[in-house]
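Undergrad: I'd like to ask some things about the structure below.
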């Protein structure tokens, strides 16, 4: 075989080629992502829309059906379904696996934007997102203190959340158990009836108070200086909200305070979190799609240690859940199993071959081949995960089988008195066909896994 002749006649060239592959593999190893399972892109897109106070029937007829009608015009849809509940509508679009989900997600955004004109005026902006089961929180940070929950929420939102969101690889930070400040306006129906005021007028007055009107430019000293002018109106206290004008009756301003009671309070309690019996909030941290989970987790952990030094007195902050620990433990377990397998293989080879030289060849072939494989990982954008490591474990057995057969064939020719170069060439050539046949027979079993269809096929692609 040509590769055998080149390796025997040009050993320096062969060693340099192997060394180059090992170096490339080692460099690629440091750049590979580490995760529990392969990063699979699911062909699902969701559209979530909220309308506070709306019934499930209202959400279905005025929101879900409208969005479905627009989205259904997109090509490549396999299934379209929706769920409508109190104040929330969720539309799920499943596309064919052959479709590019990123392109289709943009198509969904365009269609939803067109549907906005047909949705209720007070509906919140629809949230379009790709459905990613791997987008679960990688870290949960718990903050607790013996102070009002509103104060804890404010500190977590303005200090901790802001600091973590700036870290590279962090996708989102959601606060669970928090209750932000909320101005409550309790309408008095008797007073509203007396003044001829409706609830819609009060809502319009509140909505119009938060405006920012551009005022043009202000030139000073003949145009030597120029300033931008804007008019800002924003009520912040109950008294300021109470002074907002709702309407005029007989040239008399009717204010919100005349028809309602304004209170400074907190949002309704929808979620709850506590630590050791103390009220608190939990920060659920998600990584950006495709980012290394371990690297993101390590960056967040380092930032948490820094922020602990600046905590107000009486505050406590801990990492309640860290998925990276489980990933790291799982990867370390599989890596440890591979190390044990290599040791046992070398031990068995020496026990049966009774030759340090043959055993050394096998011992060198295993790590060089495995490290070189990581270069292919980088080329095909694979990650180090449970499936790829299991595939490497299977590869060790295949590699050792071939190495033992070739070494034993060459050793037999050397024992028969043939020169080493001739023994290496003839011994390898004699078993080459059998070795290749056995290797391809094994590949014939595993390679089809990479061509399986559906989500399962994408999941096992890196294994095959």
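Residue numbers (the numbering used here): 8 to 471. We treat Cβ as the ideally placed atom computed from N, Cα and C, and that holds for glycine.
#1: Residue 390 and residue 104 - do their beta-carbons sit closer together than 8 Å?
#2: When you compare each of 12, 51, 291 to residue 178 by their alpha carbons, which one comes out closest?
#3: Can you tell which of 410, 352, 261, 433 has its C-alpha closest to the C-alpha of residue 420?
#4: Under a Cβ-count criterion, where at least 16 other Cβ atoms within 10 Å of its own Cβ denotes burial, should residue 20 be classed as buried or exposed?
#5: Is residue 449 helix, strand or coil by DSSP?
#6: Would you mind stating whether residue 414 and residue 442 have Cβ atoms separated by less than 8 Å?
#7: If you scan the segment 284–337 from start to end, which runs of the beta strand (DSSP E) of 3 or more residues do you find wholly inside it?
#8: Straight-line CA distance for residue 258 to residue 264?
#9: Taking C-alpha atoms, which residue in 450, 41, 377 lies nearest to residue 30?
#10: Going by C-alpha distance, which of 425, 437, 406, 122 is nearest residue 76?
#11: Please confirm whether residue 194 and residue 260 have their CB atoms less than 8 Å apart.
#12: Quick check on DSSP: helix, strand or coil for residue 271?
#13: Is any heavy atom of the ligand SAM found at a distance shorter than 7 Å from the C-beta of residue 117?
#14: For the alpha helix (DSSP H) containing residue 78, list its first residue and its last residue.
#15: Leaving aside the five residues before and after residue 404 along the sequence, list all residues of the same chain whose C-beta is less than 6 Å from its C-beta, in chain order.
#16: Hey, how far is the Cα of residue 479 from the Cα of residue 274?
#17: Given this structure, state the Cα-to-Cα distance separating residue 472 from residue 255, to the nearest angstrom.
#18: For the alpha helix (DSSP H) that contains residue 99, what are its first and last residues?
#19: Taking the continuous beta strand (DSSP E) assigned at residue 149, which residues delimit it?
#20: Under the DSSP definition of a beta bridge, which residues are partnered with residue 193?
#21: What number of angstroms, rounded off, separates the C-alpha of residue 94 from the C-alpha of residue 400?
#22: So, do the segment 50–65 and the segment 128–137 have three or more beta carbon pairs nearer to each other than 8 Å?
#23: Note the first and the last residue of the continuous alpha helix (DSSP H) segment covering residue 158.
#24: Quick one: grab the DSSP three-state call for residue 258.
#25: Determine the contact status of residue 324 and residue 313, defining contact as a CB-CB distance below 8 Å.
#26: For the 8 Å Cβ check, are there 3 or more pairs between the segment 74–90 and the segment 113–128?
#27: If you drop the 5 nearest sequence neighbours on each side, which residues of the same chain put their C-beta closer than 6 Å to that of residue 357?
#28: If we call anything under 8 Å between Cβ atoms a contact, is residue 89 one with residue 71?
#29: Within 10 angstroms of the Cβ of residue 227, are there 16 or more other Cβ atoms? Answer buried if so, exposed if not.
#30: Give the straight-line distance between the Cα atoms of residue 451 and residue 437, rounded to the nearest whole angstrom.
#31: Please work out which residues of its chain come closer than 7 Å, Cβ to Cβ, to residue 102, disregarding the five sequence neighbours upstream and downstream, and give them in chain order.
#32: Since residue 88 is in the beta strand (DSSP E), which residue starts that stretch and which ends it?
#33: Taking the straight line between their C-alpha atoms, what separation do you get for residue 345 and residue 440?
#34: Assuming residue 171 contacts residue 288 (C-beta within less than 8 Å), just tell me the rounded distance between them.
#35: Per DSSP, which one or two residues make a beta bridge with residue 49?
#36: Going by the DSSP bridge assignment, what does residue 281 pair with across the sheet?
TA: Per the coordinate set shown:
#1: no
#2: 291
#3: 433
#4: exposed
#5: helix
#6: no
#7: 285–294, 323–329
#8: 17 Å
#9: 377
#10: 122
#11: no
#12: strand
#13: Summarising the ligand content, the structure contains no ligands, and the ligand SAM is consequently not present.
#14: 72–78
#15: none
#16: A question about residue 479 goes unanswered here, because the residues of the chain that appear run from 8 up to 471.
#17: Nothing can be reported for residue 472: it is not among the residues displayed for the chain, which extend from 8 to 471.
#18: That residue, residue 99, is in no alpha helix (DSSP H); its beta strand (DSSP E) goes 95–102.
#19: 146–151
#20: 268
#21: 51 Å
#22: yes
#23: 156–162
#24: coil
#25: no
#26: yes
#27: 366
#28: yes
#29: exposed
#30: 23 Å
#31: 50, 83, 84, 85, 108, 111
#32: 84–92
#33: 28 Å
#34: Incorrect: roughly 13 Å between the Cβ atoms, too far for contact.
#35: BP columns for residue 49 are empty, so no partner.
#36: 286
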